[in-house]
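Colleague: Okay, handing you the structure first.
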Ligand SMILES: [Zn+2]
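In full-length UniProt numbering, the protein residues as written are 1 to 111.
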């Protein structure tokens, strides 16, 4: 991908308008990150996969709550799962959004 000079682009107005679809996906993505429970779930999934049960126990949440939020995140393709017998193991499915989450957590913690 071509290196972009954002500052120059912003100041010269060369930047193309965002498409409707891009705007939709970006706002949905921030909506996904705009919920404390979903943030906790995604943060847990940073380094490894977890079963729904493990997530519920690890975060002290009801299993139905975790399943509901995982479905939301799955629809946006931010998490994926693999099935082992009757157990679903969830992991994150997008390095960009995990990076946004990491950056935002660092932003929240710096002075
Ligand atoms: Zn910052």
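Note that CB positions come from ideal geometry on N, CA and C, so glycine has one too.
Straight-line CA distance for residue 37 to residue 17?
Modeller: About 33 Å.
Colleague: Short of 6 Å in beta carbon distance, which residues of its chain neighbour residue 74, apart from the five on each side in sequence? Order them along the chain.
Modeller: Hits under 6 Å: none found.
Colleague: What is the residue span of the beta strand (DSSP E) that residue 110 lies within?
Modeller: Note, residue 110: premise wrong, no beta strand (DSSP E); not H, not E.
Colleague: Is residue 96 a contact residue of ligand 1, with contact defined as CB to any heavy atom under 7 Å?
Modeller: Residue 96 Cβ: outside cutoff for every heavy atom of ligand 1.
Colleague: What are the partner residues of residue 90, as DSSP defines its beta bridges?
Modeller: Per DSSP, 50 and 81.
Colleague: Cβ of residue 117 within 8 Å of Cβ of residue 92?
Modeller: Coverage of the chain is limited to positions 1 through 111, which leaves residue 117 absent and any answer about it impossible.
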